[in-house]
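Only one structure is covered here, and it is reproduced in the block below.
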Amino acid sequence: MYGTYFTEDNVQFNVEALDWRDAIEKSVSLLRENGFVNREYASEVIKNVEEYGPYIVISPGIAIPHTRPENGALRVGVSLITLKYPIYFEGIEAPVKVMISFSATDHHKHLEIIKMIVNIVENGLIDNISNIDSVNDLNNLIGEDNR
Amino acid sequence: MLNILVVCGAGLGSSFACQMSVEAVLQDLGVKASVDHSDISSAAGSRADIIISGKNFESQFMRYDLPMELIFLDRLVDKNEIKEKLVPVLEAIGKL
Numbered sequence: 072m073y074g075t076y077f078t079e080d081n082v083q084f085n086v087e088a089l090d091w092r093d094a095i096e097k098s099v100s101l102l103r104e105n106g107f108v109n110r111e112y113a114s115e116v117i118k119n120v121e122e123y124g125p126y127i128v129i130s131p132g133i134a135i136p137h138t139r140p141e142n143g144a145l146r147v148g149v150s151l152i153t154l155k156y157p158i159y160f161e162g163i164e165a166p167v168k169v170m171i172s173f174s175a176t177d178h179h180k181h182l183e184i185i186k187m188i189v190n191i192v193e194n195g196l197i198d199n200i201s202n203i204d205s206v207n208d209l210n211n212l213i214g215e216d217n218r
Numbered sequence: 003m004l005n006i007l008v009v010c011g012a013g014l015g016s017s018f019a020c021q022m023s024v025e026a027v028l029q030d031l032g033v034k035a036s037v038d039h040s041d042i043s044s045a046a047g048s049r050a051d052i053i054i055s056g057k058n059f060e061s062q063f064m065r066y067d068l069p070m071e072l073i074f075l076d077r078l079v080d081k082n083e084i085k086e087k088l089v090p091v092l093e094a095i096g097k098l
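Top line first, the protein sequences correspond to chains A and B.
Okay, so the first sequence: first residue is 72 according to the numbering used here, each after it adds one.
Okay, so the second sequence: first residue is 3 according to the numbering used here, each after it adds one.
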């Protein structure tokens, strides 16, 4: 079931980013291109991280850029990028290699996306994901481990 | 009923993910509780028995004089860390 979230339209591998802000911009731009968020969303995520610290880094190696629905979310959606060069967040030792951005329109409709993310972390798939370069492989990896 | 609130910046992603791990740990421990998630601005008025949040929020929580137990995590979805920090708190308030 989780194997159906990612397509050629919302996934990019080996993205080059200058720093965490640039990585968030690039990750969130896939949400925007798919009509999930408006152009404010990325800067709202960055603003939130500046204000609250890197709460989007939920486990070593993975960040999940997101902000509140009223900050530019249009529909529930998700995107995934892997970073060519891992990037650092202030105060966090392990660099981030995988970014899964999402948008939510209320507190519950994105439940399945969160479940998928938790499964990726709990199954230790972050390193595997950072090393693959096809959407098929990605979906097989996520799909297999969650069925 | 024991009430646990998981808190992050936006109150719908990191805290929601953490809530799932907390629920899994509570199930392992056989402790019944109602777990919810929210953003930090609504956390101050919460009546939860325990608040769980990320390390990066610790200083912000310290500005308020909150009556409930506070737990801060390095890794929001690490069940081992959650269990390690939650068990002593549950014991202290007589829920375990």
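Ideal placement from N, C-alpha and C gives every residue a C-beta, glycine not left out.
Around the C-beta of residue i, are 16 or more other C-beta atoms found within 10 angstroms, so that it is buried, or is it exposed?
i	result
A/Pro-125	buried
A/Ile-197	buried
A/Phe-182	Going by the sequence as given, residue 182 of chain A is Leu instead of Phe. A/Leu-182 should be labelled exposed.
A/Glu-121	exposed
A/Ser-174	buried
B/Ile-54	buried
B/Pro-90	exposed
Residues of chain A with a CB under 8 Å from the CB of residue i: which are they?
i	result
B/Asn-58	Tyr-123, Gly-124, Pro-125, Tyr-126 and Gly-162
B/Asp-80	Ser-130
B/Ile-42	Tyr-123
Along the chain, where does the beta strand (DSSP E) containing residue i start, and where does it finish?
i	result
A/Ala-94	Careful: A/Ala-94 lies outside any beta strand (DSSP E), inside the alpha helix (DSSP H) at 91-104.
A/Tyr-156	148-158
B/Asp-41	35-41
B/Leu-28	Note, B/Leu-28: premise wrong, no beta strand (DSSP E); alpha helix (DSSP H) at 16-31.
B/Asn-5	4-10
A/Ser-201	Element bounds for A/Ser-201: not the beta strand (DSSP E) but the alpha helix (DSSP H), 197-201.
Where does residue i sit, in a helix, a strand or coil, going by DSSP?
i	result
A/Asn-81	coil
B/Ser-44	helix
A/Glu-111	coil
A/Lys-168	strand
State the CB to CB distance for the pair residue i and residue j, rounded to an integer number of angstroms; the pair is presumed to be in contact (CB under 8 Å).
i	j	result
A/Met-170	A/Ala-134	5 Å
A/Ile-185	B/Ala-46	That pair is no contact at about 24 Å.
B/Leu-7	B/Ser-40	6 Å
If you follow the alpha helix (DSSP H) that residue i is part of, which residue opens it and which one closes it?
i	result
B/Lys-87	81-94
B/Phe-63	60-64
A/Asn-190	182-193
Could you list which residues in chain B have their beta carbon closer than 9 Å to that of residue i, in chain order?
i	result
A/Asn-119	Gly-11 and Ala-12
Any beta carbon from chain D within less than 8 Å of residue i's own beta carbon?
i	result
A/Ile-197	You won't find chain D in this structure, because its protein chains are A and B.
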